[in-house]
Amino acid sequence: MKAAAWWCVHNDPCGICCVVVTYGLLCYADYVVVFVLLLPWLGLTANCYMLALSFLAISFLAMSSHSRTMLTDPGAVPFEFQPTNLMANEGGSLPMCSRCNGYKPLRAHHCSQCDRCIMKMDHHCPWVNNCVGANNQKHFVLFVGYTALLSGYAILLLVCRMISTASEIKPHGQGGRRSTTDPSNFLLLAFLFFEAVLFGLFTLAMFTEQVSSILADQTGIERLKHDYVPTKRSAMHNLSETFGKPFSLLWFLPTAVKFNGLTWLELVPLEPIDV
Numbered sequence: 499m500k501a502a503a504w505w506c507v508h509n510d511p512c513g514i515c516c517v518v519v520t521y522g523l524l525c526y527a528d529y530v531v532v533f534v535l536l537l538p539w540l541g542l543t544a545n546c547y548m549l550a551l552s553f554l555a556i557s558f559l560a561m562s563s564h565s566r567t568m569l570t571d572p573g574a575v576p577f578e579f580q581p582t583n584l585m586a587n588e589g590g591s592l593p594m595c596s597r598c599n600g601y602k603p604l605r606a607h608h609c610s611q612c613d614r615c616i617m618k619m620d621h622h623c624p625w626v627n628n629c630v631g632a633n634n635q636k637h638f639v640l641f642v643g644y645t646a647l648l649s650g651y652a653i654l655l656l657v658c659r660m661i662s663t664a665s666e667i668k669p670h671g672q673g674g675r676r677s678t679t680d681p682s683n684f685l686l687l688a689f690l691f692f693e694a695v696l697f698g699l700f701t702l703a704m705f706t707e708q709v710s711s712i713l714a715d716q717t718g719i720e721r722l723k724h725d726y727v728p729t730k731r732s733a734m735h736n737l738s739e740t741f742g743k744p745f746s747l748l749w750f751l752p753t754a755v756k757f758n759g760l761t762w763l764e765l766v767p768l769e770p771i772d773v
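Under my numbering, the first residue of the sequence shown carries the number 499, and numbering increases by one thereafter.
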């Protein structure tokens with residue numbers, strides 16, 4: 499299945515707002531960690547550069563994974579696709595979608611927001627303003643995974659900063675000194691902590707759910723509708739269908755999947771699926 503060169507869901511105001519909020523929060527975290535947390539704490543030192551660059555690298559991977567998820571055709575069944583008689587079900591008829599009037603192969607579901615049938619559709623996510631399907635599930639898994647990692651990293655840095663500056667709030671009689679932290683900076687750090695905890699837990703839950711679905715070879719919609727019985731295949735086989743084959747470092751980068759294990763002939767529907 500060949501994905502479209504350009505894909506963008508532009509008719510969902512909620513999705514567009516969620517995308518703006520997502521990039522805004524990621525950029526906010528980058529700014530606060532580098533300029534409010536690390537530089538005043540460590541100064542222009544090797545440790546500061548190392549921590550800042552590693553944080554920004556993870557943030558870049560999260561943002562690029564998000565953009566690939568958002569702008570990649572999730573697996574929309576082409577309108578111009580002409581099914582053959584071999585793809586007919588046992589009754590001799592072709593499974594067609596009653597909403598978009600197109601061919602509806604096995605494991606495809608119609609998305610009311612995208613107004614298309616999507617191969618292996620897991621769900622429509624407003625945070626990426628797109629469906630998560632056969633062609634972009636890898637990018638979505640990387641996005642939530644790197645965002646969860648970034649959130650954990652931010653929390654770790656905040657905790658270390660708090661421990662290292664604990665002496666600043668000790669009474670003078672105990673050898674401490676007054677805190678020199680700007681109140682406005684404290685509010686920025688407090689919001690960063692709240693953001694990291696909230697979105698860290700959310701993305702970690704999404705990452706766990708996505709990996710579980712991939713290993714079980716059953717999408718979120720299929721679990722709800724009970725319209726597909728997963729085959730018993732190895733975990734590596736199921737992972738390869740999403741991340742590519744063979745295993746390589748490209749699994750961890752938001753690059754196009756060279757092999758997703760899916761072809762039209764392998765997806766011949768055995769029976770019509772209710773829409």
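Here a beta-carbon is modelled for each residue, glycine too, at the ideal position from N, C-alpha and C.
Item to check | Nearest neighbour of alanine 664, chosen from Gly573, Trp539, Val531 and Gly631 [CA to CA] | outcome: Answer by Cα proximity: Trp539.
Next on the checklist: I need the straight-line Cα distance from glycine 573 to alanine 555, nearest angstrom please.
Outcome noted: When rounded, the distance between both Cα atoms is 29 Å.
Item to check | Under the three-state DSSP convention, the category tyrosine 601 falls into | outcome: Correct three-state label for tyrosine 601: strand.
Item to check | CA-to-CA distance, glycine 643 to alanine 714, given in whole angstroms | outcome: In this model, alanine 714 and glycine 643 are separated by some 18 Å (Cα to Cα).
Checklist entry - Which whole-angstrom value is the C-beta distance of glycine 513 and proline 624, which I expect to be below 8 Å? => result Contact holds; Cβ gap of about 5 Å.
Checklist entry - Which class does asparagine 683 belong to by DSSP, given the choice of helix, strand or coil? => result Helix at asparagine 683.
Item to check | In DSSP terms, what valine 630 is bridged to | outcome: Per DSSP, His621.
Item to check | With 16 other Cβ atoms within 10 Å as the buried cut-off, status of asparagine 599 | outcome: With fewer than 16 other beta carbons inside 10 angstroms of its own, asparagine 599 counts as exposed.
Checklist entry - Cβ atoms of alanine 652 and phenylalanine 691: under 9 Å apart, would you say? => result Their beta carbons are under 9 Å apart, which means phenylalanine 691 touches alanine 652 by this criterion.
Item to check | Top-ranked residue by Cα proximity to leucine 604, from Lys756, Thr740, Val518 and Glu720 | outcome: It is Glu720 whose Cα lies nearest to the Cα of leucine 604.
Next on the checklist: Considering only their Cβ atoms, is the gap separating leucine 535 from arginine 659 smaller than 9 Å?
Outcome noted: The answer is yes: Cβ separation under 9 Å.
Next on the checklist: Applying the 10 Å Cβ sphere with the 16-neighbour rule, what's the burial state of leucine 747?
Outcome noted: Leucine 747 is classed as exposed because its beta carbon has fewer than 16 other beta carbons within 10 Å across all chains shown.
Item to check | arginine 659, DSSP secondary structure in three states | outcome: In the structure shown, arginine 659 sits in a helix (DSSP, three-state: H, G or I).
Item to check | Burial state of asparagine 627 (16 or more Cβ within 10 Å) | outcome: Answer is buried; the Cβ neighbour count reaches 16.
Item to check | Candidates Leu655, Thr701, Phe697 and Phe700, of which the one nearest leucine 687 by Cα | outcome: If you compare the alpha carbons of Leu655, Thr701, Phe697 and Phe700 with that of leucine 687, the shortest gap goes to Leu655.
Next on the checklist: Using the Cβ count rule (16 or more neighbours within 10 Å means buried), how would you classify glycine 541?
Outcome noted: Glycine 541 counts as exposed, since fewer than 16 other C-beta atoms from the protein chains shown sit within 10 angstroms of its C-beta.
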